[in-house]
Amino acid sequence: MPAPTIAGVSSPPTGGARLLRVDPLSPDRAAISEAAAVLRSGGLVAFPTETVYGLGARADDAAAVTRVFAAKGRPADNPLIVHVAGVDDLGRLAAALPPLAIELATRFWPGPLTLVVDAAPGIPEVTVGGLSTVAVRVPAHPVALALLAAAGVPVAAPSANRSGRPSPTAAAHVIADLGDRIDVVVDGGPCRVGVESTVVDARAAVPVVLREGAVSREQLGLPDGDPGAGEDAAGSPGTRHRHYAPRCAVEIAPPGGGPARADALARVGRKVGLVAPVPAGGDVLHLAAYADARELATALYGALRSAEEAGMDVVVIESVEPVGLGRAVMDRIRRAAAG
Ligand code: TXA
Ligand code: MG
C-alpha cells in the first residue's frame with residue numbers, strides 16, 4: 023500500500039527498495055525474472071532462504087559485492103557465502119573437489135550446510151574476504167532456487183541484516199535494516215528454519231565445523247563431546263565479530279521455567295508465550311512457551327526484533343539443551359546476550 027504523497031508520487035514504505043511479493047512454494051515467474059535481471063546487472067536483491075533472508079549480489083562482480091559490504095556495514099575480512107542452484111556449480115567455484123565435499127553436497131543439498139573448499143581462480147577477492155577458500159551452498163527454498171536458476175550466475179549472499187543485528191527471518195526485517203540501501207526485496211514469507219546454515223571446512227577427511235548452524239554435529243556424524251565452534255575457533259571469520267544483538271538486553275535462564283531471576287523479571291514485566299504478540303510498553307519479554315529447539319530457532323530472531331520494537335528492556339530466554347539444533351540456537355542466544 024503506497025503512502026499518499028503530493029503530486030501523486032508514491033513513496034513506498036520500503037525505504038526505496040522494490041518489494042516483490044511471491045508465493046513461497048511456487049513463485050511468480052515474472053517477479054523472479056525481474057529480480058534475476060537486477061542481480062545480473064549488478065544490483066542488490068534480498069531473497070528468502072530456508073534459514074534466513076540473504077542479501078544477494080553476483081559473486082563474480084566485485085563492484086556489486088562491494089556494495090553488499092557497504093549496505094551491511096560489514097567488515098571487509100568477513101567473506102560471503104556463494105549461493106548456487108545445484109551441486110554441479112560447486113565444481114566451477116572450487117579449485118579441487120575433495121571427496122568429503124562431494125559426499126556432503128550430495129547428502130545435504132539443497133539444505134542449510136555451507137561447504138568451504140579451495141577457491142577456483144577468478145573469484146573476486148572481495149567475495150572471499152581475501153581468503154584462498156570459498157564457501158558455497160545450495161539453499162532449500164523454492165524462491166531462492168528459482169532466483170538462482172533464473173539469474174544463471176553464482177550469488178554471494180550474507181544474511182540481509184545490518185552487520186551485528188539479528189539475522190532477518192521475514193521481509194519486514196530486511197526492509198527495516200536495509201530498505202533504503204538495496205534495490206529489491208523478494209518477499210517469500212517467513213523463513214522455516216530461523217538460524218543460519220552450518221559452515222564446515224570440507225577439505226579434510228572429516229568435516230570441521232567453523233560455524234554452528236541448522237545442520238547439527240549429530241547429523242554430520244561428529245562426536246557429541248566436541249567443543250563447539252566458539253570465539254576461539256580459527257575457522258569462520260564471521261564468528262569473531264559482534265553478532266545477533268538486538269537493542270535490548272538479553273538474559274539466559276536455565277531450562278524448565280523455574281529460574282528465580284527469570285520469574286522475578288517476568289513478574290515486573292509481562293510473561294508472554296513465544297508465539298503471542300508482544301504487548302506494547304512492557305518491560306520484559308520471557309521466551310518460554312516453545313515446544314523444542316526447532317520452534318525456538320524459527321521464532322528467535324523475530325522475537326528479538328519484536329521485543330525491541332515494543333520497547334522491552336530485557337528479553338529473558340529459557341535455554342534449551344545444547345544438542346542437535348539446540349547447539350546452534352544456544353550459540354546465537356549467547357552471542358545476543360554478550361552484545
Ligand atoms: O544460512 C546462511 O548461511 C545465510 C543464508 C542467507 O544463506 N547466510 C549467512 O551468511 O548467514 P553470513 O554472511 O551472515 O555468514 C557467513 C559465514 C560467516 O561466518 C563467514 O565468516 C563464513 O560464513 N564464511 C564465508 N566464507 C568463508 C570461508 N571461505 N572460510 C570460512 N568461513 C567463511
Ligand atoms: Mg550474518
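For the sequence shown, the numbering used here assigns the number 23 to the initial residue and increments by one for each residue that follows.
Yeah, the Cβ is synthetic: ideal placement off N, Cα and C, and Gly gets one too.
So what does S181 bridge to, in DSSP terms? The partner list for S181 (beta bridge, DSSP) reads G76.
Endpoints, the beta strand (DSSP E) within which V67 is located: From DSSP, the beta strand (DSSP E) with V67 extends over 67-69.
Cα-Cα separation between G38 and Y266, rounded to whole angstroms: Spanning the two alpha carbons is a distance of roughly 25 Å.
Taking 6 Å as the cut-off, is the CB of S181 close to at least one heavy atom of ligand 2? S181 Cβ: within cutoff of ligand 2.
Extract the residue ranges of the alpha helix (DSSP H) inside the segment 132-180, only unbroken runs of 4 or more that lie entirely within it. If only uninterrupted alpha helix (DSSP H) runs of at least 4 residues are considered, those enclosed by the segment 132-180 are 164-173.
Say yes only if the C-beta of A138 is nearer than 6 Å to one or more non-hydrogen atoms of ligand 1, and no if none qualify. At residue 138 the sequence reads Val, which differs from the Ala that was named. Because some heavy atom of ligand 1 lies under 6 Å away, the Cβ of V138 counts as near it: yes.
Helix, strand or coil: how does DSSP classify R225 here? Reduced to three states, the DSSP call for R225 is coil.
Roughly how many angstroms separate the alpha carbons of A162 and V150, rounded to a whole number? Cα atoms of A162 and V150: separation of roughly 22 Å, rounded to the nearest angstrom.
Below 6 Å CB to CB, which residues in the same chain sit around G133 once its five sequence neighbours on both sides are set aside? When the five nearest sequence neighbours on each side are left out, the beta carbons in the same chain lying within less than 6 Å of the beta carbon of G133 are those of A162, in order along the chain.
Which residues in the same chain as G65 place their Cβ atom closer than 6 Å to its Cβ, once the five residues preceding and following it in sequence are excluded? So the list reads D205, once near-sequence residues are dropped.
Out of curiosity, what's the CA-to-CA distance linking A286 and L41? In this prediction, A286 scores a pLDDT of 44, lower than 50, which makes its location untrustworthy; the coordinate-derived value is nonetheless stated afterwards. Near 43 Å, if we compare the C-alpha coordinates of L41 and A286.
For the structure I just gave you, are there three or more beta carbon pairs, one from the segment 205-224 and one from the segment 320-340, closer than 8 Å? Contact between the segment 205-224 and the segment 320-340 is present, because at least three Cβ pairs lie under 8 Å.
Are V306 and V336 touching if we call contact CB-CB under 7 Å? Going by C-beta atoms, V306 is nearer than 7 Å to V336.
Could you tell me whether the segment 215-234 touches the segment 106-122, using the rule of 3 or more Cβ pairs below 8 Å? Touching, per the Cβ criterion.
Given a cut-off of 7 Å on the beta-carbon distance, is the pair S185 and R96 in contact? Yes, these two residues count as a Cβ contact at 7 Å.
Which residues share a DSSP beta bridge with V60? V60 is not bridged to any residue.
Looking at C-alpha atoms only, which residue of V222, A81, N183 is the closest neighbour of S63? Selection V222, A81, N183 evaluated against S63 yields A81 as nearest (Cα-Cα).
Hey, is E234 close to ligand 1, as in C-beta under 6 Å from one of its heavy atoms? Residue side-chain check: E234 keeps its Cβ at 6 Å or more from all non-hydrogen atoms of ligand 1.
Hey, how far is the Cα of T36 from the Cα of T128? Taken atom to atom, the span from the alpha-carbon of T36 to that of T128 is near 38 Å.
Given a cut-off of 7 Å, decide if L126 and A224 are closer than it, judged by their beta-carbon atoms. Their beta carbons are under 7 Å apart, which means A224 touches L126 by this criterion.
I need the DSSP call for L41, collapsed to helix, strand or coil. Reduced to three states, the DSSP call for L41 is strand.
Taking only the alpha-carbon atoms, compute the straight-line gap between L170 and R114 and give it to the nearest angstrom. Linking L170 to R114 through their CA atoms gives a straight-line distance of about 15 Å.
Considering only heavy atoms of ligand 1, does any lie closer than 6 Å to the CB of G260? Yes, the Cβ of G260 comes within 6 Å of a heavy atom of ligand 1.
Can you tell which of V338, R51, T88 has its C-alpha closest to the C-alpha of A178? For A178, the nearest C-alpha among the options comes from T88.
So I103 packs on R51, CB below 8 Å; how close in whole Å? Actually they do not touch by this definition, with Cβ atoms about 26 Å apart.
Starting from E317 and walking both ways along the alpha helix (DSSP H), at which residues does that stretch end? Segment 315-331, the alpha helix (DSSP H) holding E317.
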